[in-house]
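Per the UniProt record's numbering, the sequence shown starts with residue 1, numbered consecutively.
Structure record follows, encoded as structure tokens.
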Amino acid sequence: MAQTFTTETGTSDVEAPATGSRFSRLLTRLRTDRGVWRRGAVLALCAVLLALVMGLHGQIPNRYGNVGSLNETFLPWFGLVLLPLLLAAALWRRSATALLALVLPFAVWLDLFGGLLFDKSSGGGDLTVASHNVNAQNPDPVKTARDVAASGADVLALQEVAQGQGRVYAKALSATYKYHSVQGTVGLWSKYPLRDTRPVNIGLGWTRAMRSTVLTPKGEVAVYVAHMPSVRVKLRAGFTAGQRDQSADALGKAISREGVERVVLLGDLNGTMNDRALGAVTSQMRSTQGAAGDGFGFSWPASFPMARIDQIMVKGVEPVSSWTLPRTGSDHLPIAARIGL
Numbered sequence: 001m002a003q004t005f006t007t008e009t010g011t012s013d014v015e016a017p018a019t020g021s022r023f024s025r026l027l028t029r030l031r032t033d034r035g036v037w038r039r040g041a042v043l044a045l046c047a048v049l050l051a052l053v054m055g056l057h058g059q060i061p062n063r064y065g066n067v068g069s070l071n072e073t074f075l076p077w078f079g080l081v082l083l084p085l086l087l088a089a090a091l092w093r094r095s096a097t098a099l100l101a102l103v104l105p106f107a108v109w110l111d112l113f114g115g116l117l118f119d120k121s122s123g124g125g126d127l128t129v130a131s132h133n134v135n136a137q138n139p140d141p142v143k144t145a146r147d148v149a150a151s152g153a154d155v156l157a158l159q160e161v162a163q164g165q166g167r168v169y170a171k172a173l174s175a176t177y178k179y180h181s182v183q184g185t186v187g188l189w190s191k192y193p194l195r196d197t198r199p200v201n202i203g204l205g206w207t208r209a210m211r212s213t214v215l216t217p218k219g220e221v222a223v224y225v226a227h228m229p230s231v232r233v234k235l236r237a238g239f240t241a242g243q244r245d246q247s248a249d250a251l252g253k254a255i256s257r258e259g260v261e262r263v264v265l266l267g268d269l270n271g272t273m274n275d276r277a278l279g280a281v282t283s284q285m286r287s288t289q290g291a292a293g294d295g296f297g298f299s300w301p302a303s304f305p306m307a308r309i310d311q312i313m314v315k316g317v318e319p320v321s322s323w324t325l326p327r328t329g330s331d332h333l334p335i336a337a338r339i340g341l
């Protein structure tokens, strides 16, 4: 009997292997799987809110508990912590909507802090300055003094010099710095002569700020040393920064009246450059870290730095480099910068 062989042309029960690139398959899924767009609406809303909080941080009022300043103090962490968490959640949910919404806060964060991700330091410079809140409870002030002196700074500012410790620091630093002055709880040490040294009244009733003219080989530089009042976060009162804000205004007025063209501010301002409450100072000076630093330069707390509340700021000079120094016996990290005169 003759047999007729025919060829089946229908589809088989076994799926053919997927073809095309992963990207093309992803695009196909985005077109056909409506679930990837429907899922993650809450995550997308959170992403938009995060973008608004960062982008409009200056519009958040300080009227109640100084919440605006508190937000600005830790503003970089919105991107360093919250963005990765939202991204991980969006990927876990397989939500295209949430992933697309995350582009907005990511762009805002890069606009605010993207410049700090790159090393902007360069060589050269004429003067190295350093600043350190040494902590009144420092268990070994002598070692701390020697550690910061080893940085090679030509001019060194110390804050929170406890009563009776001025002599301790002066003795420990005498081999490196020929000139120094301690005013209240702040002090200035210099390899170059000091002139017109005096306290600066920042409205506290005791001295926590000073200024002096440093006679460098390249000419006069007015150096201010300041330690703004501490701030606290309290459950009922919120971010208690009123006294600091008033002192910052007083310091800003003093600097604006300065007769020397080149000015350097070294100190613990208990606030970041983003904090609008320090505007009286930050509006007229440049941060060396922002202009010529590498990274965020967080200085506090020393055990796990989360904010740069210790500042080196300048006007009339050019920042060349800026960095943090190794940890000492203080709860703050020392900071340093090199500037061109």
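The beta carbon of each residue, even a glycine, is placed where N, CA and C say it ideally should be.
If I measure Cβ to Cβ from residue i and keep anything under 6 Å in the same chain, skipping five residues before and after, which residues do I get?
i	result
P229	Q243, R244 and S247
M313	L265, M285 and S287
D126	K218, G340 and L341
residue 342	Past the boundaries of the shown model lies residue 342; the chain is included only from 1 to 341, so the question cannot be answered.
L235	Unreliable placement is indicated for L235, whose pLDDT of 45 sits below 50; the coordinate value is still reported in the next sentence. Nothing listed; no residue qualifies.
T197	S181 and S212
V168	P141
R39	R93 and S95
E318	G340
With DSSP run on the structure shown, which of helix, strand or coil describes residue i?
i	result
G238	Only weak support is given to the placement of G238: the predicted model assigns it a pLDDT of 46, under 50, and the question is left unresolved by the model.
V263	strand
P217	coil
F118	coil
N133	strand
L82	helix
G329	coil
Q243	helix
V225	strand
T272	coil
S69	helix
A87	Reading off the sequence shown, one finds Leu at residue 87, where the question assumed Ala. L87 falls in the helix class under three-state DSSP.
L100	helix
R38	helix
L278	helix
R286	strand
L75	coil
Just to confirm, are residue i and residue j a CB contact at a threshold of 7 Å?
i	j	result
P105	A47	yes
P326	H132	no
L337	S322	As written in the sequence, residue 337 is Ala, which differs from the Leu given in the question. A contact, by the Cβ cut-off of 7 Å.
residue 347	D331	With the chain running from 1 to 341 in the structure shown, residue 347 is simply not present.
A153	A130	yes
T128	A149	no
G297	T144	no
L50	L82	yes
E220	V260	yes
residue 348	Y179	The chain is shown only over 1 to 341; residue 348 falls outside these bounds and no answer can be derived.
M210	V231	no
L188	V225	yes
H227	R208	yes
A280	G252	yes
Q159	G267	yes
Looking at the unbroken alpha helix (DSSP H) that takes in residue i, where does it start and where does it end?
i	result
E318	From DSSP, E318 is part of no alpha helix (DSSP H) but of the beta strand (DSSP E) over E318 to T324.
W189	W189 -> not in any alpha helix (DSSP H); beta strand (DSSP E) instead, spanning V186 to S190.
M54	A41 to G55
D310	Not the alpha helix (DSSP H): D310 falls in the beta strand (DSSP E), residues D310 to K315.
D147	P141 to A149
L204	From DSSP, L204 is part of no alpha helix (DSSP H); its letter is neither H nor E.
E258	Here E258 belongs to no alpha helix (DSSP H), and DSSP marks it neither H nor E.
L104	V103 to F113
L173	G166 to L173
V231	Careful: V231 lies outside any alpha helix (DSSP H) and carries neither H nor E.
Among residues of its own chain, excluding the 5 on either side of residue i, which ones have a beta-carbon nearer than 7 Å to its beta-carbon?
i	result
G203	Q246, S247 and A250
L43	L86, A89, A90, R93, S95 and A98
T272	E72, T73, A307, R308 and I309
K315	V263, Q284, M285 and R286
V108	A51, M54 and G55
W206	G184
P305	F298, S299 and L333
Considering residue i, what are the terminal residues of the beta strand (DSSP E) in which it resides?
i	result
Q183	Y179 to Q183
A337	I335 to G340
T197	L194 to P199
V155	V155 to Q159
Near residue i, what residues of its chain come up, given a Cβ to Cβ distance below 8 Å and the 5 sequence neighbours on each side ignored?
i	result
P61	V67 and G68
L26	For L26, the pLDDT reaches just 49, beneath the cut-off of 50, and the residue's location in the model is therefore unreliable, leaving the point undetermined.
L100	A44
List the residues that DSSP assigns as beta-bridge partners of residue i.
i	result
I60	DSSP output for I60 lists no bridge partner at all.
D294	D119
A307	W300
R211	R198 and Y224
L251	Its beta-bridge partners do not exist; DSSP assigns none.
T176	Bridge partners of T176: none, in fact.
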